[in-house]
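Take the sequence shown: its letters are residues 4 to 221, numbered as in the working numbering. Report on one structure; see the data block that follows.
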Amino acid sequence: MRWLLFVALTLLWGCSSSEPKTDLRKMEKRLPDKPPVNYKVTFNTTAGRIVLDIHHDWAPKGADHFFELLKAKFYDGVRFHRVVRKFIVQFGINGDPKIQQSWSALRIPDDPIKHKNTRGTISYAKIGANDRATQVFINLADNKILDKDHFVPFGEVVEGMDVVDKLYSVYGEVMPRGNGPDPTRMELEGNSYIERKFPRLDKINDASLYWLAAEVNH
4 MRWLLFVALT LLWGCSSSEP KTDLRKMEKR LPDKPPVNYK VTFNTTAGRI
54 VLDIHHDWAP KGADHFFELL KAKFYDGVRF HRVVRKFIVQ FGINGDPKIQ
104 QSWSALRIPD DPIKHKNTRG TISYAKIGAN DRATQVFINL ADNKILDKDH
154 FVPFGEVVEG MDVVDKLYSV YGEVMPRGNG PDPTRMELEG NSYIERKFPR
204 LDKINDASLY WLAAEVNH
């Protein structure tokens, strides 16, 4: 009976086009106590699906912290608030100011740079040293200048880069440099500010985690 159930689940898995192509186990009920060595993330967005491959060896602190944020469902409902064509797509401000405040206080030390900010890689946004918290960005181009400023990639888009390219970008750069959202107001006012002023921004509907069972402990 167990064998039949396994076969049925396997067939269902193979027929689903919404799952990553790699043979991974989906985390649903029991998440590992420690972040996996490497793991994948599926963002189901208003523009389509984006799949990220997170590399612990690129940036251990960054990869582990991102896992904790995802485990807490931090990115569910988050807007892509800074979309600058041929540069970056940035996100990571929670729609609930209380949640944002609690996670913003958990800043992590910098990792050494082991990979360049090439197109499709993801790094944390920051203002200064040891300032990484919740905001991240996906590179839309090879941004060599960001390597010099010590922005450290910790993963890359492996499916859905076409989705990243078409995220709503008309609002442009964030305030005060452009006409896009004011990140400070986003943190203080949450979703109410975005819904009033920037309703067309794309968002992450939900995020799913995938990992190799043999790579949980490190």
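We put the CB at the ideal spot given by N, CA and C, even for glycine. Given the structure is predicted, the values throughout are model-derived calculations rather than measurements.
Per DSSP, GLN103 is one residue of the alpha helix (DSSP H) stretching across 100-107. Looking at the DSSP output, ASN142 sits in a beta bridge with ILE91.
As the crow flies, the alpha-carbon of PHE157 is around 16 Å from that of ILE53.
The beta carbon of GLY123 lies closer than 6 Å to those of GLU159, VAL160, MET164 in the same chain, with the five residues before and after it left out. Assignment of ASN47 by DSSP, reduced to helix, strand and coil, places it in the strand class. Taking a C-beta distance under 9 Å as the contact criterion, TYR171 and LEU204 qualify as a contact pair. The shortest C-alpha to C-alpha distance from LYS147 to any of TYR127, ASN120, ALA128, VAL167 is the one to ASN120. Here LEU55 is buried. Its C-beta has 16 or more other C-beta atoms within 10 Å.
In this structure, the CA atom of ASN97 is about 14 Å from the CA atom of ALA210. DSSP places GLU176 outside any beta strand (DSSP E), giving it a letter other than H or E. Under the three-state reduction of DSSP output, HIS58 falls in the strand class. In the structure shown, VAL81 adopts coil according to DSSP, grouped into three states.
When C-alpha distances from PHE83 are compared across VAL155, THR137, ARG180, ALA144, the shortest belongs to THR137.
Under the DSSP assignment, LEU212 falls in the beta strand (DSSP E) whose first and last residues are 207-214. By alpha-carbon distance to ILE91, the top candidate from VAL167, PRO186, GLY183, ILE111 is VAL167. In this model, LEU73 and ALA62 are separated by some 16 Å (Cα to Cα).
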